[in-house]
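Number of protein chains: 2
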Amino acid sequence: MADKQTEISTLGEFGLINLLTKELPRHNDSTLKSVGDDAAVLYFPDTKILVTTDLLLEGIHFDLTYVPLKHLGYKAVAVNLSDIYAMNGTPRQITVSLGISKRFTVEHIEELYAGMRLACENYGVDIVGGDTTSSRQGLVISITAIGDAPENQIVYRDGAKDTDLICVSGDLGAAYMGLQLLEREKVASAGQKDFIPDFSGKEYLVERQLKPEPRRDIINILRDKGIKPTSMMDISDGLSSELLHICKDSNTGCRIYEDRIPIDYQTAVMAQEINMNLVTAALNGGEDYELLFTVPLTDHDKISKIEGIHVIGYITKPQLGCKMITRDGESEIDLKAQGWNPLQ
Amino acid sequence: MADKQTEISTLGEFGLINLLTKELPRHNDSTLKSVGDDAAVLYFPDTKILVTTDLLLEGIHFDLTYVPLKHLGYKAVAVNLSDIYAMNGTPRQITVSLGISKRFTVEHIEELYAGMRLACENYGVDIVGGDTTSSRQGLVISITAIGDAPENQIVYRDGAKDTDLICVSGDLGAAYMGLQLLEREKVASAGQKDFIPDFSGKEYLVERQLKPEPRRDIINILRDKGIKPTSMMDISDGLSSELLHICKDSNTGCRIYEDRIPIDYQTAVMAQEINMNLVTAALNGGEDYELLFTVPLTDHDKISKIEGIHVIGYITKPQLGCKMITRDGESEIDLKAQGWNPLQ
């Protein structure tokens, strides 16, 4: 937190917007007119346009007692870009709407916005508009991301075919374990002055929770190798839930192998510490923002050689259902969308 | 309110989304893929794309003690479409994000969504995506609208020229007075059972506050008559504030005539009842969602004949400032953006 704290009322809405949107860079030719009119003006004559949106609410999606505002801004953008990459597209623009309650100062919002600008810089995205208002209900962040892709490049959820290989990038469950760790340290810190949280040996988990990166790198590698997934989505609600989406939309079944689900050792250590089933965490813990996709069996040799991509199973005919084959290879467990129900 | 009330937790997030987005109509060829994947897919090969977004928060932008949910849904869409029309474009798609607290039932959200669907039906707009989440403190509505326009048709805020005529559609201040009326009746109703609010003779004010209509009709008339405004925006924060935006962005001054500002008689009656300066209400009361635009002086005869459009003044060189000529014609008052500061 900066030392100087300025009340937002001293600037007013327009003053704050002017401050935040000063000298916004422009990375894309498709951005014709940015912030400053009733609407932004974009132009995509040759490609299809991708649009996705996410709403993040304080107390539901983030807890500012342990989430730094700059990280929050970065993550709010990153999770939207992840949806564009999951269509095999390129993110180009975002709009940012903020609801700000009285306890936030100009400097707080500058921190938040700095994180957003950094994510936009890293991924070549333009901030082209938004809305800023006061809030009675803590911080509200609503981001809409716009991207594009040539028509023949777009990958939907409904294209998986029998015998396709099921692949995931990175590893799973770490962001969820990061959340458990942060919550644990929050509880431990209650009432203590100058409390220093203990993240030693678990830095990766904290990073996965606080600063997820959308997998542009994976999208680029697949393109370089000439592999076009038959279906794809990003893993935000847990592998199990997302795989069920793909199978339902594609009218298929699937088999995944428990022992092929990629899990980082820090995730495993944390699961043991809090006495939680590791595979449950990997299957149902949210916010991984990895890519889940299917490729034709004929791409097996190509896909197996790519670092950071794991083949975890295969697509079946629909009547075979969606199941996980246990580590001992002896039984099959139905996959269920056990991820938290955010509306409960 | 419907009799039967179903807790949202019985459906869960996906169940609710499925219910709300069931059989969404498709009005536009530019909508290639709607709700149901990581992103919607749109296509505008020949036109420029317009993007605008608004965030509406309970307790700030609406009070559910007197705003019916269906009206709220309608208005939330309408105010976004108004921004697209204000660019001289055609709205095509929206995304809808909702934050829902526990006191809302499935039936409540269906009411809200019914209003959104009605507005979309009336204006030929497709709902193509969104996000639904729980909220700890009331209802959150974030809508992004996407429209399009041929490049040579788009009207910005910065094109006003010396001697251009300043025009507004409809009348001003009624929505603000409607808000005062609704607030007055809310206070009167406090603690009373079966209170019946008294809106007699002021139905227009209530309608203007609760169910604004974006001025597609005006956009169509101007196009039919071959009039292209040199600058345009919609009046959401009050005439005074918006006119200052146009003059600043266009580097001009302006003169408007107090006695030419269009005001409905119900607005005048209400202003007298609550002892408020009528012109202040018309200049600074928000949420009119009328169009403010400038046309070349040579369009004077054409524009004067159009019902529902009022020429209220003219654009000047910048050094003359932005002023209103009083009713007696004897003095000039500086225009100020006195609209409420929503961040205070």
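Residue numbers (this note's numbering), protein chains in the order written: chain E, 1 to 344; chain R, 1001 to 1344.
C-beta atoms are modelled at their ideal positions from N, C-alpha and C, and glycine is treated no differently.
Three-way DSSP call (helix, strand, coil) for residue i in this model
i	result
Asn1341(R)	With a pLDDT of 48 at Asn1341(R), under the threshold of 50, the modelled position of this residue cannot be trusted; read the value that follows with caution. Three-state result, Asn1341(R): coil.
Ala114(E)	helix
Met1(E)	Because the pLDDT at Met1(E) is just 48, under 50, the model does not fix this residue reliably, and the point stays unresolved.
Ile1274(R)	coil
Met87(E)	coil
Thr1053(R)	strand
Lys186(E)	helix
Gln209(E)	helix
Glu1242(R)	helix
Ser1082(R)	helix
Glu332(E)	strand
Phe14(E)	helix
Asp1037(R)	coil
Tyr1156(R)	coil
Lys1070(R)	helix
Gly1178(R)	helix
Gln1266(R)	helix
Val1106(R)	helix
Thr280(E)	helix
Proximal chain R residues relative to residue i, where beta-carbon distance stays under 8 Å
i	result
Gln137(E)	Leu1057, Glu1058, Gly1059, Ser1135, Arg1136, Gln1137, Gly1138 and Val1140
Ala40(E)	Leu1050, Val1051 and Thr1052
Ser97(E)	Thr1053, Asp1054, Leu1055 and Ser1142
Tyr156(E)	Lys1033 and Asp1037
Ile219(E)	Neighbours of Ile219(E) on chain R: none; closest Cβ ~12 Å, over 8 Å.
Residue i to residue j span [Cα, whole Å]
i	j	result
Ala2(E)	Glu107(E)	Because the pLDDT at Ala2(E) is just 49, under 50, the model does not fix this residue reliably, and the value given afterwards should be weighed accordingly. Their backbone Cα atoms lie some 7 Å apart in a straight line.
Lys323(E)	Asn18(E)	53 Å
Met1276(R)	Val140(E)	34 Å
Glu1330(R)	Leu1239(R)	22 Å
Leu1343(R)	Ala39(E)	Confidence at Leu1343(R) is low in this model, with a pLDDT of 42, below 50, so its placement is unreliable and the value that follows should be read with caution. Those two C-alpha atoms are separated by around 22 Å.
Asp1083(R)	Asp1217(R)	14 Å
Val1096(R)	Gly73(E)	21 Å
Gly1147(R)	Asp1029(R)	12 Å
Pro1045(R)	Pro45(E)	4 Å
Leu335(E)	Gly253(E)	10 Å
Lys102(E)	Ala1076(R)	24 Å
Asp1054(R)	Gly138(E)	17 Å
Gln381(E)	Glu1121(R)	The structure shown does not extend to residue 381(E), since chain E is modelled only from 1 through 344, so no value can be given for it.
Leu1181(R)	Ala1337(R)	23 Å
Tyr1066(R)	Lys1186(R)	7 Å
Gly1222(R)	Ile309(E)	Note that residue 1222(R) is Leu in the sequence shown, not Gly. Roughly 57 Å separates the two Cα atoms.
Glu1307(R)	Lys1211(R)	22 Å
Arg26(E)	Lys1193(R)	58 Å
Asp1224(R)	Thr1163(R)	24 Å
Trp1340(R)	Ile1060(R)	A caution first: Trp1340(R) carries a pLDDT of 47, below 50, which makes its placement in the model unreliable, though a value can still be read off. C-alpha separation (whole angstroms): 12 Å.
Ile333(E)	Val311(E)	19 Å
Contact belief for residue i with residue j at Cβ below 8 Å, rounded distance in angstroms
i	j	result
Lys1302(R)	Ile1246(R)	About 21 Å; that fails the 8 Å criterion.
Leu1069(R)	Tyr1123(R)	Leu1069(R) to Tyr1123(R), Cβ: 19 Å. No contact.
Ile1166(R)	Ile1049(R)	Going by Cβ atoms, the distance from Ile1166(R) to Ile1049(R) rounds to 29 Å, so no, they are not a contact pair.
Glu1258(R)	Arg1215(R)	That pair is no contact at about 23 Å.
Val125(E)	Ile94(E)	6 Å
Asp1236(R)	Glu1287(R)	Note that residue 1236(R) is Ser in the sequence shown here, rather than Asp. Correct: roughly 6 Å between the Cβ atoms.
9 Å Cβ cut-off: residues of chain E touching residue i
i	result
Tyr1074(R)	Those within 9 Å of Tyr1074(R) in chain E number zero; the least Cβ separation is about 19 Å.
Arg1223(R)	Ordered by position in chain E, no residue passes the 9 Å Cβ test against Arg1223(R), which lies about 17 Å from the chain.
Arg1117(R)	Result: empty, since nearest Cβ-Cβ is about 18 Å, beyond 9 Å.
Asp1299(R)	Chain E residues near Asp1299(R): none, gap ~21 Å exceeds 9 Å.
Partner residues on chain E for residue i, Cβ-Cβ distance less than 8 Å
i	result
Val1128(R)	Val51
Met1233(R)	Asp37 and Asp38
Leu1032(R)	Lys48
Asp1083(R)	Asp38 and Ala39
Beta-carbon neighbours of residue i, restricted to chain E and to distances below 7 Å
i	result
Ala1086(R)	Asp38
Pro1045(R)	Pro45
Tyr1113(R)	Here the premise fails: no neighbours, minimum Cβ distance about 15 Å.
Asp1131(R)	Thr53, Asp54 and Leu55
Ile1166(R)	The premise fails here: Ile1166(R) is roughly 17 Å from chain E at the closest Cβ pair, so nothing lies under 7 Å.
Contact test: residue i Cβ vs the ligand COA heavy atom, cutoff 7 Å
i	result
Phe1293(R)	The ligand COA is not part of the structure shown, which contains no ligands of any sort.
Legend entry - Meets three-Cβ-pair contact criterion under 8 Å: the region 110-130 of chain E and the region 152-164 of chain E: No, the region 110-130 of chain E does not touch the region 152-164 of chain E.
Legend entry - Three CB pairs or more closer than 8 Å across the region 1008-1025 of chain R and the region 281-291 of chain E: Not touching, per the Cβ criterion.
Legend entry - Touch test, the region 310-317 of chain E against the region 196-212 of chain E, Cβ-Cβ under 8 Å, three pairs minimum: no
Inset, instruction - Indicate whether the contact test is met: 3 or more Cβ pairs, each with one atom in the region 1027-1034 of chain R and one in the region 119-138 of chain E, closer than 8 Å. - result: Result no; under three Cβ-Cβ pairs closer than 8 Å.
Inset, instruction - Would you check if the region 261-269 of chain E and the region 166-180 of chain E touch, i.e. whether three or more CB-CB distances between them fall below 8 Å? - result: yes
Inset, instruction - Inspect the CB distances between the region 222-237 of chain E and the region 291-302 of chain E and report whether three or more fall short of 8 Å. - result: yes
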